[in-house]
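Accompanying notes for the structure given below.
Protein chains: 2
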Amino acid sequence: MNPTDRSWIQTVSLVPPTLQDNTADADRLIGALKDRLQTDAIHLDLDLLKQLPECLRKWKYRVCCLLFQDRHRWLVTAIARADDPPPMAGLAVDLGTTRVVLRLIDLAAGSRLAESGFDNPQLAVAPDILARIHFAESPDGFTRLNELIITGLNRSIEKLCRQAGLEPRSIYAVSVAGNTAMTHLFMGLDPRWIIREPYIPVVNKPDIIKASQLGLDVNPSARALVFPNVGSYFGGDLIAGILYSGLHRRPDVAILVDVGTNAEVIVGNRDWLIACAGAAGPALEGGVTAMGMMAAPGAVDRIAIDPKTHVFEIHTIEDQPPQGICGSGVIDLAAQLFLSGMIDIRGKLVAAVCADHLKKIDGLAHLVVVPADQSATGSDLTISQADIDSLIRSKAAMYTILETITSSVGLQPEDLTTFYVAGTFGSFIDPRSAIAIGMLPDLPLDSYTPLGNSSLAGASLALTSAGCLEEIDRIRDRTTYLELNVNQDFMNRFSAAKFLPHTDTARFPSVEKRRRSS
Amino acid sequence: MNPTDRSWIQTVSLVPPTLQDNTADADRLIGALKDRLQTDAIHLDLDLLKQLPECLRKWKYRVCCLLFQDRHRWLVTAIARADDPPPMAGLAVDLGTTRVVLRLIDLAAGSRLAESGFDNPQLAVAPDILARIHFAESPDGFTRLNELIITGLNRSIEKLCRQAGLEPRSIYAVSVAGNTAMTHLFMGLDPRWIIREPYIPVVNKPDIIKASQLGLDVNPSARALVFPNVGSYFGGDLIAGILYSGLHRRPDVAILVDVGTNAEVIVGNRDWLIACAGAAGPALEGGVTAMGMMAAPGAVDRIAIDPKTHVFEIHTIEDQPPQGICGSGVIDLAAQLFLSGMIDIRGKLVAAVCADHLKKIDGLAHLVVVPADQSATGSDLTISQADIDSLIRSKAAMYTILETITSSVGLQPEDLTTFYVAGTFGSFIDPRSAIAIGMLPDLPLDSYTPLGNSSLAGASLALTSAGCLEEIDRIRDRTTYLELNVNQDFMNRFSAAKFLPHTDTARFPSVEKRRRSS
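Residue numbers (numbering that gives the first Met the number 0), protein chains in the order written: chain A, 0 to 517; chain B, 0 to 517.
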């Protein structure tokens, strides 16, 4: 979303030395870059100094420099001939707890070369962050977790490079965005204090690190930027998301929400940023229902219910026979059930309306979404009253978090005009459905801007926009983290949000309208 | 000569984290150091981050930090418990073409732990800089020269540490001063362009380098400061010498001279510095005479000649039987011959006065300094008219260089009030003798301040005075190098200086007085 301000690659022409101007080679190069970069805080690696005299003379003092930046200096990490320079690539990494996505970038053109992802190999030893940190405390556990992710990355780097017809040695810059625990495990930093009161990471703003020191098989001179975090619960992936959204540059107040098991929210503009994170519960991602599954072929991702006939119109990913339901499908389902009157404002299944969609299983009421004869599993795909209750608690938690953070700056969720939805899951949600159940505020639909994998996009931006470390730090430093206290205010708001769409229906005029028209 | 301003070791107490103050460990440490150092440009190595959480908690948030500094940041290179911290040492190196001297320093106390020297092992392949650079261009020659000096240093480091009861791992900071060619060979940088027009070094201001990257067997986190040079012919050893002398801080104009085969001269004060270097010839170091030798036991280092009887009173180093004559002895000898009338103002032996001290060898006039029956060699120790001529050319060159550099700022050598004499050889010269032959200007004797090994002393200062890199760079950046053009002016001055003490005897009133009183 931000323009590529400036490339990390700069070609400079040096004035060749004379008896009257006999500055050393390195100081001559730094002098030329100083004019370009408007600073003399420029560092050259010793390895580069070793090549410099021969290269300068061979290339007739025209040099293509690959730059990077730490917090206090520009770094020259490679030099090449100015005419027809060899390929120079950057690697952006979204270091997810569950899935890791890599993007290879042509640093000269600022364009994408290849992209691929893999399941985080740490899943094999521990499914979530909490379990991983506990595993890290077992003998060799910590080393194991670090090795798993580094080995996984190296394997993926090799594949990605092969795909793009490059050598891993052509990667000169790496940018990594992940949550605080994941970046700690990636850097080989002990995560144990992240989950223990008072929740202290080893580092908030890691300095630029040699990629080789991290164990990455890329060019030995390559540097890695690991996105900074605000604390244990607000990680670099979100900082990357803000960077990509451009929220921190806007004059008006906007919001960015990463919807998931954990809801992470940032409200702000170019002057201030407030962030908070809270558990919304796995129900939003379809994690609770027996029929819940990841977004994959065969997952129900869209549902429409005819308000008159109550016939279900089911869409699945890649139009495969339905196997289960994914997050966006669950939200669609809840919205359609509500709009068609099959559940009431408390989320309770209305037997009279549901009619033969209802079925008792082990004495509990279930709604059949896909009958056995139409499902890929050969069994009914159903959702229980308990599942719906859980979903409502999750959507209520989400809305309460939005209300709490906006009210902390004297606003209501409905006052916002720009609403960024981050994360892959977020991108698939139909905002109309999320509004219908009162999970997201009743804003005009064009207020909602899905960002896709904003963590990866932000990490990529750091590779195509030279000098953006300062911007990243400014985002981090300006972000005030709001501790969500589950106090009486919060509980009152939560209770009010446990209705569909909300106790205060005036907040959701479009939903009222749709219900009336159904 | 400068006071130890500030130690590289700083002990800080951190406020332990709470829920209200949950900054990360690293950022907390940097915060505490920021208050102390008045800057937030502070870098922590990844290796150190790895130890940090455990150490902070074990040490109850009281930490002894070993700092160093590159051009843009303070670096934390080690942490230790604040109570009874382990020894932390620094290594200062005078990287001479002929001899290398090492000093081990206790960084906490700022005191000397041990010192030792070794002949530069590169002597085995090439005696001087020019020969070494040519050798560097032979196959593997460059690598060989680099290995020779690094291996030599590592061997000496081990011995030095054993002597001081330390492990080499206890060395956390290294400071190296040498001429431009030597520091290039030490860093593994190609020196070939140093000796070729327009005489370009690879680097003038090398950044701080990890000692391990240089191949030094010290602590893996240790950093090395290599003193910057002004160009190919004005090296870091002289910058170190200026630093140690304090010349660059003085309100009055002072001079620093490193007397040797090459005379290196700096004139200046706290506002400006002018430097030049020129060949004075090996005669000053006793290198030409057949009886010349290094300052070692048995070397004649002091001579007095009775003006009436012309009896020679000889002093040798360690009072051993005389084997030869060293630099300071040669200058004493020339001064005494002149003052006693045995040579005339042109430096010619006066046969009538020399009488039976004279002897023809191969048809050439020689003066017997030590007869065969008193010498350790069993032969006469003699000096020839040609040797004396050579010495006079050298002393004339030295004075001409002094006159040229002072006149460039509108002064005469006699106008200076402070005269630093650098180098081991310089320390042994009797200024009265150097004045008598017109090699040094006729200043009050207390104007002359011998500095000893000022290169080593300056390198040591960088280890005991935190923050002095800025001062070193200021010296370097402010130094204007004056190219000595051997033009008509220079030749006129040189011709005038080829007399004893000088054509213009009014410049040397004390010498006239001594001659009259002889």
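Just so you know, even glycine gets a beta-carbon here, dropped at the ideal spot from N, CA and C.
Problem set entry | Coil, strand or helix - Asn486(A) by DSSP | If DSSP states are grouped into helix, strand and coil, Asn486(A) belongs with coil.
Exercise. What residue does the beta strand (DSSP E) around Ala176(A) start on, and which one ends it?
Worked result: 170-177 is the span of the beta strand (DSSP E), which, as asked, contains Ala176(A).
Exercise. Taking all protein chains shown into account, do 16 or more other C-beta atoms lie within 10 angstroms of the C-beta of Pro2(B), making it buried, or fewer, making it exposed?
Worked result: Unreliable positioning characterises Pro2(B) in this predicted model, as indicated by a pLDDT of 35, which lies under 50. A coordinate reading is not provided.
For this session: Under 8 angstroms Cβ to Cβ from Leu272(A), same chain only, skipping five residues before and after it: list those, please.
Result: The residues Ile241, Leu246, His247, Ile265, Val266, Ile474, Arg477, Thr478, Thr479, in chain order, have a CB closer than 8 angstroms to that of Leu272(A) in the same chain once the five nearest residues on each side in sequence are set aside.
Problem set entry | Short Cβ contact (7 angstroms threshold) for Trp73(A) with Leu65(A) | Contact flag unset, no.
Exercise. Going along the chain, which residues of the stretch 204-232 of chain A sit with their C-beta nearer than 7 angstroms to a C-beta in chain B?
Worked result: Answer set for the stretch 204-232 of chain A: Lys204, Asp206, Ile208, Gln212, Gly230.
Exercise. Just checking my contact of Gly116(A) with Leu101(A) at CB under 8 angstroms: how many whole Å lie between their CB atoms?
Worked result: Contact between Gly116(A) and Leu101(A) holds, with the beta-carbon distance rounding to 7 angstroms and staying under 8 angstroms.
Problem set entry | Interface partners of Gly187(A) on chain B, CB under 7 angstroms | By Cβ distance, chain B contributes Lys49.
Problem set entry | Extent of the continuous beta strand (DSSP E) run through Ala88(B) | First-last of the beta strand (DSSP E) with Ala88(B): 88-94.
Exercise. Is Gln9(A) helix, strand or coil by DSSP?
Worked result: In the structure shown, Gln9(A) sits in a strand (DSSP, three-state: E or B).
Problem set entry | Any 3 or more C-beta pairs closer than 8 angstroms across the stretch 344-352 of chain A and the stretch 384-396 of chain A | Enough Cβ pairs lie closer than 8 angstroms, so yes.
Exercise. If you draw a straight line from the C-alpha of Met0(A) to the C-alpha of Leu55(B), how long is it?
Worked result: Unreliable positioning characterises Met0(A) in this predicted model, as indicated by a pLDDT of 36, which lies under 50. The coordinate reading is nonetheless provided below. So the alpha carbons of these two residues sit roughly 41 angstroms apart.
Exercise. Looking only at its own chain, which residues have a Cβ that is under 6 angstroms from the Cβ of Gln162(A), when we skip the five neighbours before and after it?
Worked result: Cβ neighbours of Gln162(A) beyond the five flanking positions: Ala113.
Problem set entry | Residue-chain proximity (Thr17(A), chain B), Cβ-Cβ < 7 angstroms | Taking Cβ atoms only, chain B reaches closer than 7 angstroms to Thr17(A), which makes this a yes.
Exercise. Could one say the Cβ of Asn486(A) lies closer than 7 angstroms to chain B's Cβ atoms, at least one of them?
Worked result: The beta carbon of Asn486(A) does not come within 7 angstroms of any beta carbon belonging to chain B, so the residue lies off that interface.
Problem set entry | the stretch 395-415 of chain B in contact with the stretch 291-307 of chain B per 3-pair CB rule at 8 angstroms | No, the stretch 395-415 of chain B is not in contact with the stretch 291-307 of chain B.
Exercise. When every heavy atom of the ligand ADP is checked, does at least one fall within less than 6 angstroms of the C-beta of Val100(A)?
Worked result: Judged by which ligands are present, the structure shown has none, so any question about the ligand ADP falls away.
For this session: Check Glu312(A) in the structure and name its three-state DSSP category.
Result: Looking at Glu312(A) - three-state DSSP - the assignment turns out to be strand.
Exercise. Whose CA, out of Asp472(B), Ala461(B), Phe427(B), Leu439(B), lies closest to the CA of Leu450(B)?
Worked result: Answer by Cα proximity: Phe427(B).
For this session: Determine the contact status of Pro519(B) and Asp189(A), defining contact as a CB-CB distance below 7 angstroms.
Result: Not covered by the structure: residue 519(B). The range shown for chain B is 0 to 517.
Exercise. Cα-Cα, which of Gly326(B), Lys307(B), Ile8(B) is closest to Ile316(B)?
Worked result: Residue Gly326(B) holds the alpha-carbon nearest to the alpha-carbon of Ile316(B) among Gly326(B), Lys307(B), Ile8(B).
For this session: Show which residues of chain A have a CB atom less than 7 angstroms away from the CB atom of Leu129(B).
Result: Those within 7 angstroms of Leu129(B) in chain A number zero; the least Cβ separation is about 18 angstroms.
Exercise. Going along the chain, which unbroken runs of the beta strand (DSSP E) with 3 or more residues stay wholly within the stretch 221-253 of chain B?
Worked result: Those beta strand (DSSP E) runs which fall completely within the stretch 221-253 of chain B and span 3+ residues are 222-225.
For this session: Counting only the same chain and skipping the five closest in sequence on each side, list residues whose C-beta sits under 7 angstroms from that of Arg191(A).
Result: Excluding positions up to five away in sequence, the list reads Ile132, Ala135, Glu136.
For this session: Can you pull the chain A residues whose beta carbon is under 7 angstroms from the beta carbon of Trp528(B), in chain order?
Result: The question about residue 528(B) has no answer here: the residues shown for chain B are numbered 0 through 517.
For this session: Using three-state DSSP, classify Thr381(B) as helix, strand or coil.
Result: Thr381(B) falls in the strand class under three-state DSSP.
For this session: Would you list the one or two residues that DSSP bridges to Glu114(B)?
Result: Glu114(B) is bridged to Arg102(B).
For this session: Excluding the 5 residues preceding and the 5 following Leu94(B) in the sequence, name in chain order all residues of the same chain whose CB lies nearer than 7 angstroms to its CB.
Result: The answer, listed in chain order, is Val175, Ala176, Gly177, Met181, Thr182, Phe185.
Exercise. How many angstroms separate the CA atom of Phe236(B) from the CA atom of Arg195(A)?
Worked result: What sits at residue 236(B) in the sequence shown is Asp, not Phe. As the crow flies, the alpha-carbon of Asp236(B) is around 53 angstroms from that of Arg195(A).
For this session: Could you tell me whether any Cβ in chain A is nearer than 7 angstroms to the Cβ of Thr479(B)?
Result: Residue contact with chain A for Thr479(B): absent (no Cβ-Cβ distance below 7 angstroms to any residue of chain A).
For this session: Give the secondary structure of Trp192(A) by DSSP, where H, G and I count as helix, E and B as strand, and everything else as coil.
Result: In the three-state reduction of the DSSP assignment, Trp192(A) falls in the helix class.
Problem set entry | Contact set for Asp257(B): own chain, Cβ-Cβ below 6 angstroms, skip 5 residues either direction | In chain order, Glu263, Ala421, Gly422 place their CB closer than 6 angstroms to the CB of Asp257(B), counting only its own chain and leaving out the 5 sequence neighbours on each side.
Problem set entry | Contacts around Ser446(A), its chain only, beta-carbon distance under 8 angstroms, and the 5 residues preceding and following it disregarded | Excluding sequence positions up to five before and after Ser446(A), its CB lies within less than 8 angstroms of the CB of Leu415, Thr416, Thr417, Phe418, all in the same chain and listed in chain order.
For this session: Please classify His183(A): does DSSP put it in a helix, a strand, or coil?
Result: In the structure shown, the three-state DSSP call for His183(A) is helix.
Exercise. What's the C-alpha gap between Pro86(A) and Asp82(B)?
Worked result: Counting only the Cα atoms, Asp82(B) lies some 53 angstroms from Pro86(A).
For this session: Could you tell me whether the stretch 491-508 of chain A touches the stretch 427-440 of chain A, where touching means 3 or more Cβ pairs closer than 8 angstroms?
Result: Look at the beta carbons and you see the stretch 491-508 of chain A touching the stretch 427-440 of chain A: at least three pairs across the two are nearer than 8 angstroms.
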